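Taken in order, the sequence shown gives residues -27 to -1, 1 to 567; the numbers are from mature numbering (1 follows the signal peptide of the UniProt record, and there is no 0). Heads up: the structure comes next, in structure tokens.
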Amino acid sequence: MNRPQIKRTTMTLALTLAGLWHPLAQAVDLNLGDVAATVHGAVTLGTSLRTESRDPGLLQAGNGGLVGTDGTAAGGRNSDDGDLNFARGERISTALKAVGSIELKQDNLGLMLRAKAWHDFTLGEADAPFGNAPNGYRAGQPLSDKGFSARAKFSGAVFQEAYVSASFKPGAMPLSLRLGDQMIPWGGGWSISGGLSAINAMDLPALRRPGVLPEEVGVPIPALSARLAISADTRVEAFHQFRFRATEIDGCGTYFSTYDYLAQGCNVVFVAGATDVVGTRFGLYGKRAPTPEVSNSGQFGLGLNIKAPSLATDFGVYLAQYHSRLPVASAIKSPRGAGGPFLPGDPDGLNVQYLTEYPEDIRMLGLTFMTKGNNMTLAGELTYRPNQPVALNATDLIRAFASNVAPSALRGDAIATAPGGVFHGYDRRHVLQAQLSASGQIKGLWGAESVSLGGEVGAKYMNDLPDPATRRYGRSDIFDIGPVGGVCAGSAIQCSDDGYVSKMAWGYRLRVGLRYPNVADQLDLMPALSFAHDVRGWSHDNAFNEGRRTLGLALRAAYQKMYLAEISWTPTWGGYYNASRDRSVLSATVGLRF
């Protein structure tokens, strides 16, 4: 039981590539008397294929054998559904999507509404060779999204931004206000996640669908935000969030899901050595308890931005408190006396259970700078969280609470937890994150009208991390239990302290984008390349996973700046403890945007 290790390198590369679509938009302006209206919209149809075979080292033997792969992983029966449901060359998603927005302005007042709709012709319709928990692990039938959240379902429609705005000039100082569902524009533009932008929730299922657009990947938060220009060079901004919103994570059984029990509707965690099919039939799993209600209060932020014209630099200072956007799995200790904490089928209803929760009141301090000049931009961001929730290792948690004798680094915690009590599956740690970026444009290089170049380097540091021999965090259960009391009987990969969250982790990101306008009549071509390399260490949020590399290659075409086509390939590889190293993707999308 653990916090979702989102495949963040692929996620941030997808956002980088999606951002290149944005300049193609051409708004439709309407004049409704005293009201000015601007309409944006996009419709896309795309498909994505898996381009790499399943890695046997990432599959547990029993489950892997059911789809014809001889798995060699020591564990992973709670992390493999997404890998098992798609073979090389098979479609992982085929989606028809629409995004539309309207912005109304009259004098100093405004209204912004944005909505999106989608239907996936692969998920929920194509037969899956393994299944998922909602469909009862029935192979040869479509996956089920029963119980999934609205945004994670295979078809649906939701509102995005929906807010009213107003602008004033109290004391000749420009003041802008927004009230409603909105994104907070802190820390935007970074490929490395976990900085200031972590105050915003993400829609990960939307990010996975082919032809992703920047405006569909966020989960707007209900908030009141304000921005006040004290002077030409000084600005104060603040927000107060009045209702909690969580990041939407991948539903179990879908291609990018890496935990089979965390998302809504995925309500079992297997605790015995059988296959998922056998485990479902004979009740060899722990049941999910309801998620505790998350407080709607205690989320706010304050920022100060100062321009230094003599240095051509903007400086920022930010303070915020918010609740975790990602769930953490915790355990409810069995109140059963004789017979142990787990019995097949749970005959008396007293088995160990698990639940997901969202740790509250995370405090954050952020410092930023941005320097512009000579077609070049340098930027930096430093964030510090003195009480960041860091999820304990899933295998340790399951073993400690589903058995009274199985080796686990959390055995003492399980003994100390009262019968029927909740053991929170995380600790609070001091986390420091620093990142630096450089970007710019070159005209006329390689025959292109413009070439955009960018690079980032980032690091995460946890100064109070305990020795992994006594307490450890992260690492997928695919790699099973590490040494306990210096004893371990598995492979070298399993019996290493590597792969757990490390004190330091760092990596870098590179990107290149070219623009070739009018290569034919009103036809523009835009090739792009990106590369991510996690050099050293394993971060608590999986932003860095040592040895992981991801490449992004894309070619976009725009006709009349409205009709669009794109093909992209995103191979990923490397990392002994990278649970997604075999999930490369080829995507093709067509659409129109206005």
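Here a beta-carbon is modelled for each residue, glycine too, at the ideal position from N, C-alpha and C. Small disclaimer: the values here were computed from a predicted structure and weren't measured.
Check, Outcome
"Out of curiosity, what's the CA-to-CA distance linking Val492 and Thr523?", "30 angstroms"
"Identify, in the order they occur along the chain, each residue of the same chain with its Cβ nearer than 7 angstroms to the Cβ of Val363, setting aside the five sequence neighbours on each side.", "Tyr399, Asp400, Arg402, Tyr446, Val474 and His513"
"Would you mind giving the Cβ-Cβ distance between Glu429 and Tyr481, rounded to the nearest angstrom? I have them listed as a contact below 8 angstroms.", "6 angstroms"
"Opposite Asp176 in the DSSP bridges: which residues?", "Glu221"
"Can you give me the C-alpha to C-alpha distance between Ala531 and Val40, rounded to a whole angstrom?", "41 angstroms"
"Could you say which of Pro490, Tyr258, Ala112 and Ala352 lies nearest to Leu323 if we only look at CA atoms?", "Tyr258"
"Can you give the Cα-Cα distance for Ala247 and Lys433, rounded to whole angstroms?", "38 angstroms"
"Quick check: the Cα distance between Val395 and Ala236, rounded to an integer number of angstroms?", "19 angstroms"
"Check whether the Cβ atoms of Gly104 and Ala112 lie closer than 8 angstroms to each other.", "yes"
"Pull up the CB-CB distance for Gly14 and Gly73, whole angstroms please, since I reckon it's below 8 angstroms.", "4 angstroms"
"What are the residues that DSSP puts in a beta bridge with His92?", "Leu69 and Ser128"
"How would you call Ser204, buried or exposed, if buried means at least 16 neighbouring beta carbons within 10 angstroms?", "exposed"
"Flag this pair as yes or no: are the beta carbons of Gly19 and Thr562 separated by less than 8 angstroms?", "yes"
"In its own chain, which residues sit with a C-beta less than 8 angstroms from the C-beta of Pro263, not counting the 5 before and 5 after it?", "Leu328"
"Apply the 10 Å Cβ neighbour rule to Thr443 and answer buried if 16 or more other Cβ atoms are within range, or exposed otherwise.", "exposed"
"Which runs of the alpha helix (DSSP H), 4 residues or longer, sit entirely within the segment 508 to 565?", "none"
"Using the rule of at least 16 other Cβ atoms within 10 Å of the residue's Cβ for burial, across every protein chain shown, is Thr221 buried or exposed?", "Before going further, note that residue 221 is Glu rather than Thr in the sequence given. Result: buried."
"By the DSSP assignment, the beta strand (DSSP E) with Ile305 in it spans what residues?", "Val301 to Ile305"
"Once you ignore the five residues that flank Tyr489 on each side, which residues in its own chain have a CB closer than 6 angstroms to its CB?", "Ala421 and Leu498"
"So is Val290 buried or exposed if we call it buried at 16+ other beta carbons inside 10 Å?", "exposed"
"Which of helix, strand or coil does DSSP assign to Phe567?", "coil"
"Do Ile451 and Gly48 count as a contact pair if the criterion is CB distance below 8 angstroms?", "yes"
"Drop a sphere of 10 angstroms on the beta-carbon of Arg254, count the other beta-carbons inside from all chains shown, and report buried for 16 or more, exposed for fewer.", "exposed"
"Do you know how far the Cα of Glu266 is from the Cα of Asp54?", "28 angstroms"
"Pairs of beta-carbons, one from the segment 410 to 424 and one from the segment 277 to 284, closer than 8 angstroms: are there three or more?", "no"
"Give the DSSP bridge partners of residue 569, in chain order.", "Residue 569 lies beyond the stretch modelled for the chain, which goes from -27 to 567, so this question has no answer here."
"Count the other CB atoms, across all protein chains shown, that sit within 10 Å of the CB of Gln272; report buried if there are 16 or more and exposed otherwise.", "buried"
"Give me, in chain order, the residues of the same chain whose beta-carbon lies closer than 6 angstroms to that of Lys416; leave out the 5 immediate sequence neighbours on both sides.", "Ser423"
"Assign Arg27 to one of three DSSP states: helix, strand, or coil.", "coil"
"Decide if Lys306 is buried, meaning its Cβ has at least 16 other Cβ atoms within 10 Å, or exposed.", "buried"
"Helix, strand or coil: which one does DSSP assign to Gly153?", "strand"
"With DSSP as the reference, identify every bridge partner of Asn278, one or two as the case may be.", "Arg208 and Gly289"
"Roughly how many whole angstroms lie between the Cα atoms of Asp494 and Gln155?", "39 angstroms"
"Thr344 bridges to which residues according to DSSP?", "Thr286 and Leu351"
"If I follow the unbroken beta strand (DSSP E) through Gly480, where does it start and stop?", "Met477 to Ala493"
"Contact defined as beta carbons within less than 8 angstroms: I believe Gly455 pairs with Cys468. What is the distance between those atoms, to the nearest angstrom?", "6 angstroms"
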